[in-house]
Every structure is written in C-alpha cells, then in structure tokens.
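Peer 1:
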Amino acid sequence: MLPALFETAVITPRLKKPGIDNNTARSYRPISNLSFLKLLERVVGGQIQSFIDLHSLLPHCQLAYRRGFSTETALVKVYSDLITALVSDADCQTVLVLLDMTAAFDTIDHSILLKRS
Numbered sequence: 809m810l811p812a813l814f815e816t817a818v819i820t821p822r823l824k825k826p827g828i829d830n831n832t833a834r835s836y837r838p839i840s841n842l843s844f845l846k847l848l849e850r851v852v853g854g855q856i857q858s859f860i861d862l863h864s865l866l867p868h869c870q871l872a873y874r875r876g877f878s879t880e881t882a883l884v885k886v887y888s889d890l891i892t893a894l895v896s897d898a899d900c901q902t903v904l905v906l907l908d909m910t911a912a913f914d915t916i917d918h919s920i921l922l923k924r925s
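Heads up, the sequence shown is in the numbering used here, so the first residue is 809 and it goes up one at a time.
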C-alpha cells in the first residue's frame, strides 16, 4: 500500500491537436501526473537501461529505447534501406507499412473517464 500522498495526481487538460476548437471539452485529453511514480519510473528505468546496455540485450537493428537514437535515426535507416533495395541488382520487392496513432485517444469516452476519477 502506498501513502495517500503518493496516490494523488495532478490532472492537466492538454489540447489534442493544435488548431482545433479549444472551447469544447472533447478537444482536450486529461494528462495525469503522479510525481512519486515519475520519480520511481526514472530510477527503475535507469537501472533496467543499464542492465540492458551492460549485457547487450537489444538487437543491433532496434532503434527504440536506445540512448543516442531517435525518430530521425529510424527515418534515416528506413530511407537508407529503401534506397539500397532500389539500386541493388537483385530482383527484390519492397513494402512499407505505416501506422498512424495520432487519433488513438479521440476514441476515449470522456464521461466514463471522469466517473473513474
């Protein structure tokens, strides 16, 4: 059991997308911040990351969750792979599948969410 102080959250409304109507509640998503959990997450995350780095547990081609790699690094890698496949002498086909998750939180029923808090 955690003390009640650790379970208290600061809920901040954040606009879902820039440029949408900011006068309606549906334009916002609630962001809940638990300061104790943020601290705990940072400490445990650092320990796990050190363990993973020490034992080289991530595959070389994985760019997520690695220090020194970013979205830009991933895009450059994909672009490089596509260009390499296009100019290679082998008769190969290339398929690129993209998934857009920007509207994932738009499907949340805010009335249910408000009842749970």
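Ideal Cβ placement from N, Cα and C applies to all residues, glycine included.
Residue 818 bridges to which residues according to DSSP?
Peer 2: According to DSSP, which records beta bridges pairwise, residue 818 is partnered with 841.
Peer 1: Taking only the alpha-carbon atoms, compute the straight-line gap between residue 918 and residue 825 and give it to the nearest angstrom.
Peer 2: Answer to the nearest angstrom: the Cα atoms are 17 Å apart.
Peer 1: So the alpha helix (DSSP H) residue 918 belongs to, where does it begin and stop?
Peer 2: Run containing residue 918: 918-924, per the alpha helix (DSSP H) assignment.
Peer 1: Within 10 angstroms of the Cβ of residue 823, are there 16 or more other Cβ atoms? Answer buried if so, exposed if not.
Peer 2: Counting Cβ neighbours within 10 Å, residue 823 comes out exposed, since fewer than 16 surround it.
Peer 1: Quick check on the DSSP output: what are the complete beta strand (DSSP E) runs of length 3 or more inside the stretch 831-903, in order along the chain?
Peer 2: 836-841, all fully within the stretch 831-903.
Peer 1: Out of curiosity, what's the CA-to-CA distance linking residue 847 and residue 872?
Peer 2: Their backbone Cα atoms lie some 22 Å apart in a straight line.
Peer 1: Quick one, are the C-beta atoms of residue 856 and residue 838 less than 7 Å apart?
Peer 2: In this structure, residue 838 does not lie closer than 7 Å to residue 856 by Cβ.
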